[in-house]
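First the structure, in the form of structure tokens, and then the observations on it.
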Amino acid sequence: MIANRSELESRLKLTENERKWFDSPSSLPLLISDQFEKLINPDDPSDPIRRQFVPDVRENIKIRSADPLAEVSHSVTGRLIHRYEHRAALLTTDRCFAYCRHCFRRRFTGLDSGPISDDEIMKAASYLKEHREVYEVLLTGGDMFTLSNDRLEKLFDALKSAREDLVLRLCTRAVASCPSRFDDSLMSIIEKYNHGGPFLLLTQFNHPVELNEESIGAVRKFLSLSIPAFNQSVLLKGVNDDADTLEELCNKLLYNRIKPYYLFQCDLVEGTEHLRVSVEKGLELEKELRKRVSGLAMPQYTIDLPEGGGKVILTTDYLEGRDGDMLVFSTPDGQKRRYPID
Ligand code: SF4
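Numbering of the sequence shown is given in my numbering, commencing with residue 25 and proceeding in unit increments.
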């Protein structure tokens, strides 16, 4: 594990921008788990894992928002965000096993709020009991699996007691950052509460090297409990902003029974400028990827709009227009096809 400058310097020769971060560090702490540390090639300053976890002074370019999705104004208890009518997100903790430099919730992540308290769990459960319009809850943070087993049991128990019908999304990067966390004792708790509304596993794999024997093994433990897995990647400069990497990632996910669900445009959050990919380039990648992978392996390229505007799907528009009673399309290969309107 790497948690400070000397540990980082003993592992990597820092670039100038990486060194300068320590002179004026941003609020998101440095923490790289053993699992991610061993994936970094120390001789490659452009290594895709390094780019995601080693801090950089450019994080101090503050031209964006601290809370681009307007989560604070949609908070209904200390930890529960109710932004969409039928879904809510519960911030179970601010801790993670490794802090991603592209984290969109850096207003909260890795600061001082810590694990969710009994009181905060009960407030969230009672809100959900009253608000039957909520069908799904995202258990997020931070990373929910940094919580102790005892706290997880309290959380599951309170939510299942309040609403047996809720679909609970287990949002975690820990299958990649700390796969050993998913030992028999934790999995038996998940199995115990795997009744009523289903658990769904929501992972974040951004590069194919993150899918290895250990991380795939951790995901399989959920699959063996009939908990399906969906992946949410973030499009990141120098990590996965090329069609070959995305193609390999999406095919590897599908092969390992993880549905590529979203490919997110990096949110407009401060500190991520050097990792952002333009929407124009993102659309080109989406078009190329769609030519290369099957529909099942294709994630939805998505922007979460600022000021809590919600998610919109971005895709190439294949409908070019009308010609009389015919619609004119371009094929993914650039040819023209006509299709009757009625
Ligand atoms: S695991 Fe999630 S919450 Fe934690 S730093 Fe990464 S993106 Fe942020």
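Just so it is clear, CB atoms sit at the ideal spot from N, CA and C, and this is done for glycine as well.
Integer-rounded CB distance, given that residue j should sit under 8 Å from residue i
i    : j    : result
L338 : L307 : 6 Å
L194 : A148 : Rounded, the Cβ-Cβ distance is 16 Å, inconsistent with contact.
A198 : F121 : 6 Å
V22  : L224 : Limits of the chain in this structure are 25 at one end and 366 at the other, which puts residue 22 out of reach.
R88  : E294 : 4 Å
Q59  : P203 : 6 Å
R35  : P69  : At roughly 13 Å, the Cβ-Cβ gap does not stay under 8 Å, so R35 and P69 are not in contact.
R90  : G332 : Sequence check: residue 90 is Ala here, not Arg. Actually they are not in contact, since the Cβ atoms of A90 and G332 sit about 14 Å apart, beyond 8 Å.
Whether residue i touches residue j by CB criterion (8 Å)
i    : j    : result
H110 : Y151 : no
Q76  : R129 : no
A267 : R316 : yes
L171 : T133 : no
R73  : H298 : Inspection of the sequence shows that residue 73 is occupied by Ile rather than by Arg. Contact: no.
L32  : V81  : no
I213 : L179 : no
F169 : T196 : yes
E61  : I26  : yes
R131 : D167 : no
L163 : L192 : yes
L270 : L329 : no
I240 : A182 : no
Assigned exposure category for residue i - 16 Cβ within 10 Å defines buried
i    : result
T326 : buried
P364 : exposed
K184 : buried
K276 : buried
Q289 : buried
K216 : exposed
S248 : exposed
R346 : exposed
L343 : exposed
K245 : buried
S57  : buried
Q256 : buried
S318 : exposed
E40  : exposed
E304 : exposed
For residue i: DSSP bridge partner residues
i    : result
N255 : T227, P284
I337 : T326
C195 : L226
R362 : V352
D347 : M350
E160 : R111, V191
S89  : V293
I26  : I56
L104 : L114
N70  : In the sequence on display, residue 70 carries Ser and not Asn. Paired residue(s): none; S70 is not in a bridge.
R250 : Per the sequence shown, the amino acid found at residue 250 is Ser instead of Arg. Answer is none; S250 lacks a bridge partner.
S99  : I105
Alpha-carbon spacing of residue i relative to residue j, whole angstroms
i    : j    : result
D174 : N236 : 29 Å
Y279 : S48  : 43 Å
V263 : D71  : 8 Å
D265 : E154 : 43 Å
V161 : P222 : 11 Å
N28  : I251 : 36 Å
R107 : V258 : 21 Å
K37  : K311 : 37 Å
L260 : G348 : 43 Å
L52  : K86  : 14 Å
C127 : P92  : 12 Å
E45  : L54  : Checking the sequence, you will find Trp at residue 45 rather than Glu. For W45 and L54, the distance between alpha carbons rounds to 10 Å.
L63  : R281 : 22 Å
A112 : E177 : 20 Å
D9   : L115 : The chain is shown only over 25 to 366; residue 9 falls outside these bounds and no answer can be derived.
C274 : L287 : 10 Å
V233 : Y123 : 18 Å
L190 : G102 : 20 Å
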